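Numbering (my numbering), first residue to last: 66 to 479. No residue lacks a Cβ here, since even glycine has one placed at the ideal position from N, Cα and C. None of the values given here were measured: they were computed from a predicted structure.
This is the structure we're talking about:
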């Protein structure tokens with residue numbers, strides 16, 4: 066049974082639920098009393114209501130059916146819609162920034178529209194530029210250097226110079242940034258506002274609480290999660306700490322409000338999903354933390370196979386493994402933000418990168434890419450013929466911007 070036939074059958078069920086719909090012929094004959102007149106009015110109103118409900122039901126069924134069809138539609142080919150070339154594409158890097166593309170590297174940072182035209186440029190020479198984005202703000206920092214620059218979609222907001230080498234930086238939705246700075250055997254976790262003012266500073270060492278390997282700040286800038294690598298009983302261990310920069314954390318040492326030790330487990334990545342929920346990826350699964358003031362461990366998910374890649378957005382947590390069963394070389398699993406397994410599916414592409422872009426999962430290597438919907442449907446997989454792919458972003462319903470060595474192009478799946 067095809068989709069159109071299912072819609073037709075569902076429309077028939079609606080008519081069956083409202084039997085008055087089958088009475089198309091109006092009652093005829095003279096009216097002999099007031100009570101009969103009122104009864105005919107009542108029956109007329111009832112038939113009108115049935116028709117309205119049936120019409121609304123058909124519209125709802127059609128809308129749901131259309132959404133289901135759009136969400137599961139698969140594509141076999143693509144067409145190049147627009148393209149342009151630039152000489153500096155090899156040295157430049159790109160990051161999706163809202164509805165635009167942030168271009169960085171070389172001697173400037175610029176924001177491009179969907180046609181690749183610059184909206185603004187800001188001259189900055191960085192040896193090793195890295196970007197982090199949170200909603201309407203982004204930070205570009207010079208890894209192992211001393212400069213951080215904060216932007217929104219209108220341009221530069223602030224510039225921060227540090228006295229110590231920068232290892233990693235994360236930004237919140239209003240421009241607050243958290244940074245790991247290296248100082249020999251000591252490291253510092255500092256938080257700055259968008260004007261460059263230092264809000265909080267915390268000194269760390271390998272002994273207490275450990276060496277910081279990753280950090281993530283909540284979108285509202287109130288909470289900071291840090292994953293530390295340490296040693297316990299001569300064996301590697303991890304410590305995940307949370308800091309509160311509001312009233313709750315003011316009376317705590319270094320604003321630390323909670324912490325969890327994981328013996329013989331590595332936690333290389335932590336990511337805030339929203340203002341009250343964070344996920345810490347372990348070498349054997351992941352941990353979900355919840356709390357608007359004091360984050361607490363709410364769910365631990367463990368896996369047996371080696372995790373090859375991770376990805377997440379505000380509502381989903383994804384893991385990719387080498388497939389031990391079935392024909393596909395890889396297996397992808399998607400979990401809800403509460404830790405419930407939503408689906409798992411085989412992946413055939415030999416991907417090098419995986420990311421979430423506008424409610425889709427994109428996997429790609431230098432010559433091919435695949436698109437998965439959030440329900441696990443592979444909507445497209447194929448080879449890109451125009452050049453070596455460096456990055457790819459979803460920009461519209463079935464349109465993608467592809468960054469290549471020699472330029473950029475927008476493609477439309479068909």
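Is the beta carbon of residue 259 less than 8 Å from the beta carbon of residue 231?
no
Quick one: residues in its chain with C-beta nearer than 6 Å to the C-beta of residue 282, no 5 flanking neighbours on either side, listed in chain order?
235, 237, 243, 289
Using a Cβ distance threshold of 8 Å, determine whether the stretch 470-478 contacts the stretch 442-457, with at least three qualifying pairs required.
yes
Output the residue ranges of the alpha helix (DSSP H) runs that lie fully inside the stretch 276-330 and measure 4 residues or longer, sorted by chain position.
312-315
Whose C-alpha, out of 111, 421, 149, 110, is nearest the C-alpha of residue 475?
Ranking the options by Cα distance to residue 475, first place goes to 149.
Nearest to residue 220 (by Cα), restricted to the options 249, 144, 176, 293:
176
Just to confirm my understanding: we take residue 383, look at its own chain, exclude 5 residues before and 5 after, and list those with CB closer than 6 Å. What are they?
376, 399
Taking contact to mean at least 3 C-beta pairs separated by less than 8 Å, is the stretch 302-310 in contact with the stretch 246-253?
Too few Cβ pairs lie closer than 8 Å, so no.
Which two residues bound the contiguous beta strand (DSSP E) that contains residue 420?
418-421
Residue 438 lies in the beta strand (DSSP E); which residues open and close that run?
433-438 is the extent of the beta strand (DSSP E) around residue 438.
Out of 342, 352, 163, point me to the one whose CA is closest to residue 359's CA.
The candidate whose alpha carbon is nearest that of residue 359 is 342.
Run through DSSP, which three-state label would residue 160 get?
Correct three-state label for residue 160: strand.
Own chain, CB closer than 8 Å to residue 409, minus 5 neighbours either side, in chain order:
396, 397, 398, 399, 441
Find the nearest neighbour of residue 350 within the set 365, 275, 338, 426, judged by alpha-carbon distance.
365
Whose C-beta lies closer than 7 Å to the C-beta of residue 456 among residues of the same chain, with five residues either side of it excluded?
Within the same chain, residue 456 has close Cβ partners 159, 468.
Measure the alpha-carbon distance for residue 89 versus residue 479 and round it to whole angstroms.
Below a pLDDT of 50, predicted positions are generally treated as unreliable, and residue 89, at 42, falls in that range; the measurement from the model is reported next regardless. Taking the straight line from one Cα to the other gives about 44 Å.
Among all the DSSP beta bridges, which residues are the ones paired with residue 253?
246, 268
Classify residue 107 as helix, strand or coil using the three-state DSSP reduction.
helix
Can you grab the Cα-Cα spacing for the pair residue 372 / residue 388, in whole Å?
Looking at the two C-alpha atoms, the distance is approximately 11 Å.
For residue 347, the three-state DSSP class (helix, strand or coil)
strand
Going by beta-carbon coordinates alone, are residue 444 and residue 140 separated by less than 8 Å?
yes
For residue 132, is the classification buried or exposed, using 16 other Cβ atoms within 10 angstroms of its Cβ as the cut-off for buried?
Any answer about residue 132 is weak, because its pLDDT of 49 lies below 50 and its placement is not dependable; what the coordinates show is given next. It is exposed - the Cβ of residue 132 has fewer than 16 other Cβ atoms within 10 Å.
Expressed to the nearest angstrom, what Euclidean distance is found between the alpha-carbon atoms of residue 224 and residue 218?
Distance between the alpha carbons of residue 224 and residue 218: 16 Å.
Can you give me the Cβ contacts of residue 91 inside the same chain, cut-off strictly under 7 Å, excluding the 5 residues immediately before and after it?
At residue 91, the pLDDT of 42 sits below 50, so the modelled position is not reliable; the number obtained from the coordinates is stated separately. Nothing meets the Cβ criterion.
Can you tell me whether residue 229 is helix, strand or coil according to DSSP?
Looking at residue 229 - three-state DSSP - the assignment turns out to be coil, as it is neither helix nor strand.
Tell me which residues share the same chain as residue 357 and place their Cβ nearer than 6 Å to its Cβ, disregarding the 5 neighbours each side in the sequence.
341
Leaving out five residues before and five after residue 412 in sequence, what residues of the same chain have Cβ atoms less than 6 Å from its Cβ?
393, 395, 397
Cβ atoms of residue 322 and residue 309: under 8 Å apart, would you say?
yes
Around the Cβ of residue 109, are there at least 16 other Cβ atoms within 10 angstroms (buried) or fewer (exposed)?
Around the beta carbon of residue 109, fewer than 16 other beta carbons lie within 10 angstroms, which makes this residue exposed.
By the 10 Å Cβ neighbour count, where 16 or more other Cβ atoms means buried, how is residue 249 classified, buried or exposed?
The residue in question, residue 249, is exposed, as its Cβ has fewer than 16 Cβ neighbours within 10 Å.
Straight-line CA distance for residue 199 to residue 116?
49 Å
Exposed or buried, residue 347, counting other C-beta atoms within 10 Å across all chains shown (16 or more means buried)?
buried
Among residues of its own chain, excluding the 5 on either side of residue 421, which ones have a beta-carbon nearer than 6 Å to its beta-carbon?
376, 378
Would you mind giving the Cβ-Cβ distance between residue 205 and residue 245, rounded to the nearest angstrom? I have them listed as a contact below 8 Å.
Rounded, the Cβ-Cβ distance is 16 Å, inconsistent with contact.
Proximity to residue 138 [Cα-Cα], best of 439, 299, 112:
Nearest of 439, 299, 112 to residue 138, Cα basis: 439.
Quick one: is residue 207 buried, meaning 16 or more other Cβ sit within 10 Å of its Cβ, or exposed?
Classification for residue 207: buried.
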